[in-house]
Amino acid sequence: MRPGTTIKDDAIASLLLRLARPTFVTINVSDFWRKIEANPHYCVVCVDLPDARVREVPDWLRRFLRFPQFKTKARRMGIVARLRVARIDYYSVEQPTQSMNWK
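In my numbering, the protein residues as written are 5 to 107.
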């Protein structure tokens with residue numbers, strides 16, 4: 005895709021299926037959390053931050069990736085996660101929503 009290309013939210017899942025085990029990161033929690041279906045071929049990480057704090061996303065993502073269950077691509081596939089101040093919520097192909105506190 006070319007830089008600046010706009011992709012509709014409902015097209016993201018099909019785009020992710022064309023890629024090799026991608027992890028898609030977004031701050032658009034309202035359009036992805038509990039709305040995108042978990043799929044074993046990709047991971048979606050929704051960082052619950054306002055637009056003004058978007059520069060914090062890499063720090064949040066690094067913290068998330070330190071957890072053993074999210075550390076490798078193989079372990080992340082099939083997960084849709086929401087990163088919040090107090091906890092991580094996630095659901096997967098195999099399990100309903102679970103929560104865990106940040107360590």
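Glycine is no exception: its CB is placed at the ideal position from the N, C-alpha and C atoms.
Residue burial annotation: L87 is buried, with at least 16 other C-beta atoms found within 10 angstroms of its C-beta.
Minimum Cα-Cα distance from A78 among the listed residues N105, N43, D93 and V89 corresponds to N43. L20 and G82 have their C-alpha atoms roughly 12 Å apart.
Proximity to K75 across F36, T27, G8 and T9 peaks at T27, based on C-alpha coordinates.
Counting other Cβ atoms within 10 Å of its Cβ, A24 stays below 16 and is therefore classed as exposed. With 16 or more other CB atoms across the displayed protein chains lying within 10 angstroms of its CB, V49 is buried. Judged by beta-carbon spacing, C47 lies within the 8 Å limit of R80, meaning their Cβ atoms are closer than that value. Per DSSP, reduced to three states, the secondary structure at L87 is strand.
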